[in-house]
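For the sequence shown, counting from 1, position 69 maps to 69 in full-length UniProt numbering; every step adds exactly one. Report on the following structure.
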Amino acid sequence: MFDRDRWQEIFEAIGKNKLRTFLSGFTVALGILIFTVLLGMGNGLLNSFLSSFVDDAQNIIFISSGNTSKAYKGFQENRKIQFKNEDFEFIKSNYIGKVEFATPRVYRNSQAKYKKESGSYSIRAVNQDHQYLEKTIMMKGRYINEADVKERTKNIVIGRLVEKDLFKNESALGKMLDVDGIPYKIVGVFQDSGGDNEERIIYIPFTTVQLLFGNNDHINQINLSYNMAMSSEQAIAFADQIKDDLKEKFKVAPDDQSAIRVRSFAEDIKETMVILGGIYLVIFVVGIGTLISGVIGIGNIMTFSIKERTKELGIRKALGASPKSIIAMVLQESVLITSVAGYVGLLLGIFALKLIGNNLEKFFILNPKVDTGVIMVATITLILAGLLAGYIPARRAARIKPIIALRDE
Numbered sequence: 001m002f003d004r005d006r007w008q009e010i011f012e013a014i015g016k017n018k019l020r021t022f023l024s025g026f027t028v029a030l031g032i033l034i035f036t037v038l039l040g041m042g043n044g045l046l047n048s049f050l051s052s053f054v055d056d057a058q059n060i061i062f063i064s065s066g067n068t069s070k071a072y073k074g075f076q077e078n079r080k081i082q083f084k085n086e087d088f089e090f091i092k093s094n095y096i097g098k099v100e101f102a103t104p105r106v107y108r109n110s111q112a113k114y115k116k117e118s119g120s121y122s123i124r125a126v127n128q129d130h131q132y133l134e135k136t137i138m139m140k141g142r143y144i145n146e147a148d149v150k151e152r153t154k155n156i157v158i159g160r161l162v163e164k165d166l167f168k169n170e171s172a173l174g175k176m177l178d179v180d181g182i183p184y185k186i187v188g189v190f191q192d193s194g195g196d197n198e199e200r201i202i203y204i205p206f207t208t209v210q211l212l213f214g215n216n217d218h219i220n221q222i223n224l225s226y227n228m229a230m231s232s233e234q235a236i237a238f239a240d241q242i243k244d245d246l247k248e249k250f251k252v253a254p255d256d257q258s259a260i261r262v263r264s265f266a267e268d269i270k271e272t273m274v275i276l277g278g279i280y281l282v283i284f285v286v287g288i289g290t291l292i293s294g295v296i297g298i299g300n301i302m303t304f305s306i307k308e309r310t311k312e313l314g315i316r317k318a319l320g321a322s323p324k325s326i327i328a329m330v331l332q333e334s335v336l337i338t339s340v341a342g343y344v345g346l347l348l349g350i351f352a353l354k355l356i357g358n359n360l361e362k363f364f365i366l367n368p369k370v371d372t373g374v375i376m377v378a379t380i381t382l383i384l385a386g387l388l389a390g391y392i393p394a395r396r397a398a399r400i401k402p403i404i405a406l407r408d409e
């Protein structure tokens, strides 16, 4: 392989067929370029999908209610389903061992005021488990705890941007914040990787909100995380079980899709992976198809090259060159053309993805790139493609008979 004379002969052969070599190499480079860019785009879609879960636990299940879409067991159509504290307790007590964390949610839009500064913010009334479900990161102080929920305290936790909006350069920790005319003590300030909207939220104990705003036990939503020991199929089945049990509890028709809605990240991930799997399949088909056309082109150029060098190869065999050495020379030339052209395409593809960056984020393509594993696979693929492209011409060259070759003009 490191024979200087052989390499010199290979480069001389390539130099005699510059146009054919360029065109064949161009096809391979284009194929790898297209494959790299498409694969990077596919990874960008995957990154965009995964980023939507970055601020939530990936084993979370959302349970919400609506109105019934059909009459059932004596109850009329369009009946409102209202979750209450007893339904939250029903979830916690019925699925012991299957549920890790669980919290009710009560939503409210409120006006918050500190001194001369004020603003409208979303209120999420929750319990202590919500911190783990939302993956909330505490910057200052603490989160809502069990005592806050039991005692219905007026302790609240505010987002980083709420502090920035209302308190400017002051620390909000320990200060009093007026929310809809009621003073609350700020016991913590949090940050959230979900973005600005998630950091302009105020968390209040759900029992406090129920008491102060309505004096009831109504809940808008129930969130929980399932045991991570479950497989994705078991998690999806668990979500379906919760839906069926709640439909039975509220006397909702089994095929009513609007009254009780249960969404599991496991199901979202499964559906998205099916779509991404189809996209990746198309990418591989396109990439392999283009690569095959390049391999055929290189095979053709090697065939032409051998035909033009028939006399030379005959002389080699007459002087004692073995068929094995001729095959090795042809294969080496083929692998060289394929590998160099392929890596040019790969580098161009990586460069194109870097130029694209996050400019296509509005099309749900985030940080498109190919990983090291793909580059290693590409290396092996290019070598194998080069061997495949040169094998048939190499065998043909090895079978040339010296006497016939010497007569060739």
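For each residue, glycine too, the CB sits at the ideal point set by N, CA and C. It should be emphasised that the depicted structure is a prediction, and the values quoted were computed from it without experimental measurement.
Bounding residues of the beta strand (DSSP E) (the contiguous stretch that carries serine 122) = 117 to 126
request  = Give me the Cα-Cα distance between valine 282 and valine 370, rounded to the nearest whole angstrom.
outcome  = 16 Å
task = Could you pull out every residue in the same chain whose Cβ sits closer than 6 Å to the Cβ of glutamine 131, ignoring the five residues on either side in sequence?
result = Tyr143
Phenylalanine 206 vs alanine 125 beta-carbon contact at 8 Å = yes
request  = Measure from the alpha carbon of alanine 385 to the alpha carbon of each residue in Tyr184, Ile201, Ser339, Leu161, then state which is nearest.
outcome  = Ser339
query = Looking at the structure shown, is methionine 329 part of a helix, part of a strand, or coil, going by DSSP?
reply = helix
request  = Round the Cβ separation of serine 110 and valine 37 to the nearest angstrom and send it over; I've been treating them as touching at under 8 Å.
outcome  = Contact doesn't hold; Cβ gap of about 48 Å is too wide.
task = Express the C-alpha separation of arginine 160 and methionine 138 in angstroms, rounding to a whole number.
result = 9 Å
query = Is it the case that the Cβ atoms of asparagine 85 and threonine 103 are separated by a distance below 8 Å?
reply = no
query = Per DSSP, what kind of secondary structure is threonine 395 in: helix, strand or coil?
reply = Correcting the residue type first, residue 395 is arginine in the shown sequence and not threonine. Reduced to three states, the DSSP call for arginine 395 is helix.
request  = Please go through the segment 162 to 224 and give each complete beta strand (DSSP E) segment of 3 or more residues, from N-terminal end onward.
outcome  = 176 to 179, 182 to 191, 201 to 205
key: Alpha-carbon spacing of serine 293 relative to threonine 27, whole angstroms   = 7 Å
ask   = Taking the alpha-carbon positions, what's the lysine 247 to alanine 235 distance?
value = 18 Å
ask   = Ordered along the chain, which non-local residues of its own chain (more than five positions away) have a Cβ less than 8 Å from that of isoleucine 182?
value = Lys154, Leu212
ask   = With respect to the alpha helix (DSSP H) encompassing residue 410, which residues constitute its N-terminal and C-terminal limits?
value = Absent from the structure is residue 410, since the part of the chain shown begins at 1 and ends at 409.
query = If you draw a straight line from the alpha carbon of serine 232 to that of lysine 113, how long is it in whole angstroms?
reply = 45 Å
query = Roughly how far, in whole angstroms, is the beta-carbon of alanine 259 from the beta-carbon of serine 69, given that I think they are within contact range, below 8 Å?
reply = 7 Å
request  = Return the bridge partner residues of glycine 159 from the DSSP annotation.
outcome  = Phe190
inquiry  = Can you tell me where the beta strand (DSSP E) holding asparagine 227 begins and where it ends?
reply    = Unbroken run through asparagine 227: none, as it is neither H nor E.
task = With DSSP collapsed to three states, give me the class of tyrosine 95.
result = coil
request  = Compare the C-alpha of glutamate 77 against each of Asp256, Asp240, Ser325, Gly277 and name the closest.
outcome  = Asp256
query = Is the CB-CB distance between methionine 228 and asparagine 59 below 8 Å?
reply = yes
inquiry  = Between the segment 388 to 396 and the segment 320 to 337, can you find at least three pairs of beta-carbon atoms closer than 8 Å?
reply    = yes
query = For leucine 19, does the count of other Cβ atoms within 10 angstroms reach 16, so buried, or fall short, so exposed?
reply = exposed
task = Apply the 10 Å Cβ neighbour rule to threonine 21 and answer buried if 16 or more other Cβ atoms are within range, or exposed otherwise.
result = buried
key: Through-space distance from valine 330 to glycine 373, alpha-carbon basis   = 29 Å
inquiry  = Pop quiz: valine 187 and valine 157 are said to be a contact at Cβ under 8 Å. What is the actual Cβ separation, rounded to whole angstroms?
reply    = 6 Å
key: Sequence-distant residues of the same chain with beta carbon closer than 7 Å to alanine 172, five excluded per side   = Ile158, Glu163, Ile186, Val189
key: Alpha carbon of arginine 261 to alpha carbon of methionine 230, nearest angstrom   = 21 Å
query = Is isoleucine 96 buried or exposed, if buried means 16 or more other CB atoms sit within 10 Å of its CB?
reply = exposed
Reference isoleucine 123; option with closest CA among Ala239, Arg105, Ile296 = Arg105
task = May I have the straight-line CA-CA distance separating isoleucine 202 from phenylalanine 75, to the nearest angstrom?
result = 38 Å
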